[in-house]
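Numbering (the numbering used here), first residue to last: 144 to 453. For every residue, glycine included, the Cβ atom is placed at its ideal position computed from N, Cα and C. Structure first, commentary second.
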């Protein structure tokens, strides 16, 4: 029986859990409400109960990793702050979770985990470098360079939604003007459309609504500008778009690709693919977390080999 790993995607509304092999073969999944107002202790307790239910369907897992909204202090293993989890400040989440689960437990930024899931088991299979953009309520990002997750000096790399593309653009919640998030998020699209959700806007645009089409083009142009800036720095093999906005598929992709081509030197763009997520449903977050947990455990075992009996 192959070794199994538990992945956790901690969201503001739901916690998604799943068990998979080190190759990404999914064994079982489930989802529970986060209920962040009850505090981290309650959430950890219910995650533990859910994990026990999953393990009744599978063999016992060897390790777990939680993908959590940052910023994180990875050295001290602290969740410093989470915008969608009010009151969750300076929480020793992996320690709490590890004590509840009784197994090696790790923590990583949720977008980084999603990027790792795409790299190992999704659209990035077989490439060396990948950059993931999550297009949802906000815009997040994760970076894999030469087969390694790139987290930067303090674990905060990949905030691609907060790359400013217009110093005179709309003010972002981070306090800076013109962030990519103010153009390419579902929130920004819905606000500019003014007649419903981002999904409503895309559906109207596909039917020829002039206002909706203008908003879609505006969002695609903003995203393309952010992608072009990133390409000139990182030049990855593939850029993956995930999240609710990415469900628009080629209707969005074609516009983004064209916008990138207008902004990037030909030699830079020739071999870069821009695709949507290939991980089914919303599994990239927990799946990437589980796969990262497998990698972290393997690295620990290499550093600290199990003693052999003579």
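Note to self: Between the region 160 to 178 and the region 232 to 243, can you find at least three pairs of beta-carbon atoms closer than 8 angstroms?
What the structure shows: With the rule of 3 Cβ pairs closer than 8 angstroms, the region 232 to 243 does not count as touching the region 160 to 178.
Notebook entry, point to check: Who are the near neighbours of residue 244 in its chain, counting only those whose CB is closer than 7 angstroms to its CB and skipping five residues on each side?
Noted result: Along the chain shown, one-based indexing puts residue 244 at 101. In chain order, 191, 194 and 207 place their CB closer than 7 angstroms to the CB of residue 244, counting only its own chain and leaving out the 5 sequence neighbours on each side.
Checklist line | Straight-line gap, residue 205 to residue 146 (C-alpha atoms, nearest Å) | finding: Taking the chain shown and counting its residues from 1, the one referred to as residue 205 is at position 62. Taking the chain shown and counting its residues from 1, the one referred to as residue 146 is at position 3. Spanning the two alpha carbons is a distance of roughly 7 angstroms.
Note to self: Is residue 145 close to the ligand NAD? I mean its beta-carbon at under 7 angstroms from any heavy atom of the ligand.
What the structure shows: Although the ligand NAD was asked about, the structure shown includes no ligands whatsoever.
Checklist line | Backbone CA spacing between residue 398 and residue 367 [nearest angstrom] | finding: Within the chain shown, the letter at position 255 stands for residue 398. Within the chain shown, the letter at position 224 stands for residue 367. Distance between the alpha carbons of residue 398 and residue 367 is about 8 angstroms.
Item checked: residue 162 versus 267, 171 and 155, residue with shortest Cα-Cα distance -> As a position in the chain shown, residue 162 is number 19, starting the count at 1. Measuring C-alpha to C-alpha distances from residue 162 to each of 267, 171 and 155 identifies 171 as the nearest.
Next item on the list: Drop a sphere of 10 angstroms on the beta-carbon of residue 291, count the other beta-carbons inside from all chains shown, and report buried for 16 or more, exposed for fewer.
Entry: Numbered from 1 along the chain shown, position 148 holds the residue referred to as residue 291. Taking every protein chain shown into account, the CB of residue 291 has fewer than 16 other CB atoms within 10 angstroms, so this residue is exposed.
Notebook entry, point to check: Per DSSP, residue 284 is paired with what?
Noted result: The residue you call residue 284 lines up with position 141 of the chain shown. Bridge partners of residue 284: 276.
Margin query: Under 8 angstroms, with one C-beta from each stretch per pair, do the region 340 to 353 and the region 257 to 268 reach the 3-pair mark?
Written below: No: the two stretches stay apart, fewer than three of their Cβ pairs being nearer than 8 angstroms.
Check: Which two residues bound the contiguous beta strand (DSSP E) that contains residue 150?
Finding: Against the chain shown, residue 150 aligns to sequence position 7. Looking at the DSSP string, the run of the beta strand (DSSP E) that includes residue 150 is 147 to 153.
Notebook entry, point to check: By a C-beta neighbour count over all protein chains shown, 10 Å radius and 16 as the cutoff for buried, is residue 443 buried or exposed?
Noted result: Indexing the chain shown from 1 puts residue 443 at position 300. Counting C-beta atoms within 10 angstroms of its own C-beta, residue 443 has fewer than 16 neighbours from the protein chains shown and is therefore classed as exposed.
Item checked: Three CB pairs or more closer than 8 angstroms across the region 400 to 412 and the region 360 to 376 -> The region 400 to 412 is in contact with the region 360 to 376.
Notebook entry, point to check: If you drop the 5 nearest sequence neighbours on each side, which residues of the same chain put their C-beta closer than 6 angstroms to that of residue 294?
Noted result: If you number the chain shown from 1, residue 294 lands on position 151. Here the set comprises 300.
Next item on the list: Could you check which residue in 275, 157 and 150 has the C-alpha nearest to that of residue 167?
Entry: Locating residue 167 in the chain shown gives position 24, where the first residue counts as 1. Taking only the C-alpha atoms, the option nearest residue 167 is 150.
Checklist line | C-beta contact flag for residue 274 and residue 373 at 8 angstroms | finding: If you number the chain shown from 1, residue 274 lands on position 131. If you number the chain shown from 1, residue 373 lands on position 230. One thing to note: residue 274 has its Cβ within 8 angstroms of the Cβ of residue 373.
Note to self: Using a Cβ-Cβ cutoff of less than 8 angstroms, which residues in the same chain neighbour residue 157 once the five nearest sequence positions on both sides are dropped?
What the structure shows: The sequence position of residue 157 within the chain shown is 14, counting from 1. Answer for residue 157: 174, 175, 176 and 177, listed in chain order.
Margin query: Within a Cβ cutoff of 6 angstroms, which residues of the same chain sit near residue 421, ignoring the five residues on either side of it in sequence?
Written below: Here residue 421 refers to the residue found at position 278 when the chain shown is read from its first residue. The beta carbon of residue 421 is closer than 6 angstroms to those of 265 and 266 in its chain, skipping five residues each way along the sequence.
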